[in-house]
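>
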Amino acid sequence: AALLRSYSDMVVKLDSDGVILDPALDLGSFLLRGPGYSLLGYRFTDLMAEEEDRRAFEARLQASREGSMDSAESLHVHMRDAYGAVLKLQLLFFRFVHVDNTVRHMVGINGNFPALGERVQQPPQPEVPLMPTM
Numbered sequence: 682a683a684l685l686r687s688y689s690d691m692v693v694k695l696d697s698d699g700v701i702l703d704p705a706l707d708l709g710s711f712l713l714r715g716p717g718y719s720l721l722g723y724r725f726t727d728l729m730a731e732e733e734d735r736r737a738f739e740a741r742l743q744a745s746r747e748g749s750m751d752s753a754e755s756l757h758v759h760m761r762d763a764y765g766a767v768l769k770l771q772l773l774f775f776r777f778v779h780v781d782n783t784v785r786h787m788v789g790i791n792g793n794f795p796a797l798g799e800r801v802q803q804p805p806q807p808e809v810p811l812m813p814t815m
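Quick look at the structure:
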């Protein structure tokens, strides 16, 4: 868990059905819901913007229920913030058995954003011929 926290921007814990088990205040703030906004009890997939992402994540949860998830997995998803902007995120997650013998998931979340001061590669712009001046 400590390694995942050091690598990720945010970490949330989920139950075997994908429900958030802690307030996840950092994720709530990241999604611009406001400081102190708790996501406790939310289905993690309800935060995803695209149905394809929800299905892919649910398939991974199902695979882990069946015991076929032995290592960490990575998945790219899209989440929508409170203002409607779609954010591209990388999830790194693994399954573990809690002390109460229930299956849980630890999910590390990383934003796909350029670092401060990093130049963003812009797509080439088509050349527009200049109109001659008269």
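Note that our numbering numbers the sequence shown so that position 87 is 768, with each residue one more than the last.
Ideal placement from N, C-alpha and C gives every residue a C-beta, glycine not left out.
#1: Would you identify the three-state DSSP class for Arg714, choosing helix, strand or coil?
#2: Give every residue of the same chain whose Cβ lies closer than 8 Å to the Cβ of Arg686, excluding the five residues on either side of it in the sequence, and list them in chain order.
#3: With three or more beta-carbon pairs closer than 8 Å as the criterion, would you say the region 731 to 746 touches the region 702 to 721?
#4: Whole angstroms are fine: how far does the CA of Ala766 sit from the CA of Ser752?
#5: Pick helix, strand or coil for Glu754, following the three-state DSSP scheme.
#6: With H, G and I counted as helix, E and B as strand and the rest as coil, what does DSSP make of Leu768?
#7: Using the Cα positions of Val780 and Leu742, report the straight-line distance between them to the nearest angstrom.
#8: Taking just the CA atoms, how far does Ala730 sit from Leu770?
#9: Quick one: measure Cβ to Cβ for Leu695 and Arg785, integer angstroms, because I've assumed they're closer than 8 Å.
#10: Among Phe775, Ala763 and Asp762, whose alpha-carbon lies nearest the alpha-carbon of Leu756?
#11: Rounding to the nearest angstrom, what Cα-Cα distance links Asn791 and Met760 in this structure?
Considering the structure as presented:
#1: Looking up residue 714 in the sequence shown gives position 33. Coil at Arg714, not helix or strand.
#2: What you label residue 686 is simply residue 5 of the sequence shown in a count that begins at 1. Short of 8 Å from the beta carbon of Arg686, and not among the five residues preceding or following it, lie these beta carbons of its own chain, in chain order: Val692 and Gly789.
#3: No, the region 731 to 746 does not touch the region 702 to 721.
#4: For the purposes of this step, residue 752 is taken as the residue at position 71 of the sequence shown. For the purposes of this step, residue 766 is taken as the residue at position 85 of the sequence shown. C-alpha separation (whole angstroms): 32 Å.
#5: As a first step, residue 754 is located in the sequence shown; it is residue number 73 there, counting from the start. Three-state result, Glu754: strand.
#6: Position 87 of the sequence shown, counted from the first residue, corresponds to residue 768. Three-state DSSP puts Leu768 in a strand.
#7: Stepping through the sequence shown from its first residue, residue 780 is reached at position 99. Stepping through the sequence shown from its first residue, residue 742 is reached at position 61. Going from the Cα of Val780 to the Cα of Leu742 covers about 20 Å.
#8: Counting from 1 along the sequence shown, the entry for residue 770 is found at position 89. Counting from 1 along the sequence shown, the entry for residue 730 is found at position 49. If you take the alpha carbons of Leu770 and Ala730, they lie about 11 Å apart.
#9: The residue you call residue 695 lines up with position 14 of the sequence shown. The residue you call residue 785 lines up with position 104 of the sequence shown. Yes, Leu695 and Arg785 are in contact; Cβ-Cβ is about 7 Å, under 8 Å.
#10: Position 75 of the sequence shown, counting from 1, holds the residue named residue 756. Per the Cα distances, Phe775.
#11: Looking up residue 791 in the sequence shown gives position 110. Looking up residue 760 in the sequence shown gives position 79. Cα to Cα, the separation comes out at about 12 Å.
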